[in-house]
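Engineer: Shown below is the structure under consideration.
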Amino acid sequence: MLIQVETPSIAIAPGYSRMKRFLDLVFTLLLLLPLCIVMLVIAVAIRLDSDGPVLFRQRRVGLNGVEFDIFKFRSMYHRSDDTLHREAIDRYMANETVNGNASTNLQYKQVDDPRVTRIGRFIRK
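Just so we're aligned, residue 58 is where the sequence shown starts under my numbering, counting upward by one.
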C-alpha cells in the first residue's frame with residue numbers, strides 16, 4: 058500500500074530567490090579567501106610531511122548508482138601497506154574487537170594506524 062502525503066505550498070515573496078542567490082554568492086566569496094589560505098597551508102604541510110600527491114582521489118557511488126570522484130587532502134602515506142587494515146577488518150567481521158577494547162563506541166576504528174601521517178592525524182580531528 059502506498060501512502061501519499063500532501064504538504065501545503067508556501068507562498069514565496071517576490072524577489073526572494075534573487076536575494077537568496079545574491080546572499081549565497083556574497084557569503085561564498087567572503088569565505089573563499091580565508092578558506093583558500095587555510096587549504097594552501099594544509100597542502101604545503103602535507104607536501105613537506107611526506108612524499109606523494111597532496112590530494113587523495115577516490116571514485117564513489119552516489120544517488121541512483123551514479124559514480125563520481127571525490128578529492129580529499131591525503132592523510133596517509135602514499136602507497137602504504139594495507140595489511141594491518143585488512144587484518145583489522147577481518148577481526149571486525151569475525152565480531153572481534155579491532156583495538157582490544159570492547160568498551161569503545163568505535164570498535165571498528167583502528168587506533169594509532171601507522172599509515173597515517175603527522176599532518177593526517179591533525180586534519181582527521
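Glycine included, C-beta positions come from ideal geometry on N, C-alpha and C.
Quick one: give me the first and last residue of the beta strand (DSSP E) that Val-118 is part of.
Structural biologist: Here residue 118 refers to the residue found at position 61 of the sequence shown. Residues 112-118.
Engineer: Would you mind stating whether Ser-137 and Phe-113 have Cβ atoms separated by less than 9 Å?
Structural biologist: Your numbering for residue 137 matches position 80 in the sequence shown. Your numbering for residue 113 matches position 56 in the sequence shown. Their beta carbons are not under 9 Å apart, which means Ser-137 does not touch Phe-113 by this criterion.
Engineer: Using 8 Å for Cβ pairs, my map puts Asp-106 next to Arg-175. What's the rounded Cβ distance?
Structural biologist: One-based indexing of the sequence shown puts residue 106 at position 49. One-based indexing of the sequence shown puts residue 175 at position 118. Confirmed, about 6 Å.
Engineer: Looking only at C-alpha atoms, which of Thr-64, Lys-77, Arg-116 and Ala-70 sits nearest to Ile-127?
Structural biologist: Within the sequence shown, numbered from 1, the residue matching residue 127 stands at position 70. Nearest option by C-alpha distance: Arg-116.
Engineer: Report the three-state DSSP secondary structure of Ile-127 (helix, strand or coil).
Structural biologist: Counting from 1 along the sequence shown, the entry for residue 127 is found at position 70. It is a strand residue.
Engineer: According to DSSP, which residues form a beta bridge with Val-185?
Structural biologist: No answer is possible for residue 185: the residues shown for the chain start at 58 and end at 182.
Engineer: Hey, how far is the Cα of Val-118 from the Cα of Ala-70?
Structural biologist: For the purposes of this step, residue 118 is taken as residue 61 along the sequence shown, with counting starting at 1. For the purposes of this step, residue 70 is taken as residue 13 along the sequence shown, with counting starting at 1. In a straight line, the C-alpha of Val-118 is about 38 Å away from that of Ala-70.
Engineer: Roughly how many angstroms separate the alpha carbons of Ile-99 and Glu-63, rounded to a whole number?
Structural biologist: In the sequence shown, the residue the question calls residue 99 occupies position 42. In the sequence shown, the residue the question calls residue 63 occupies position 6. In a straight line, the C-alpha of Ile-99 is about 48 Å away from that of Glu-63.
Engineer: Would DSSP call Pro-188 helix, strand or coil?
Structural biologist: Because residue 188 is not part of the residues shown, which for the chain are 58 to 182, the question remains open.
Engineer: Using a Cβ-Cβ cut-off of 8 Å (strictly less than) and excluding sequence neighbours within five positions of Arg-104, which residues of its own chain qualify?
Structural biologist: Translated into positions along the sequence shown, residue 104 becomes position 47. Counting only Cβ-Cβ distances below 8 Å, and skipping sequence neighbours, we find Val-111.
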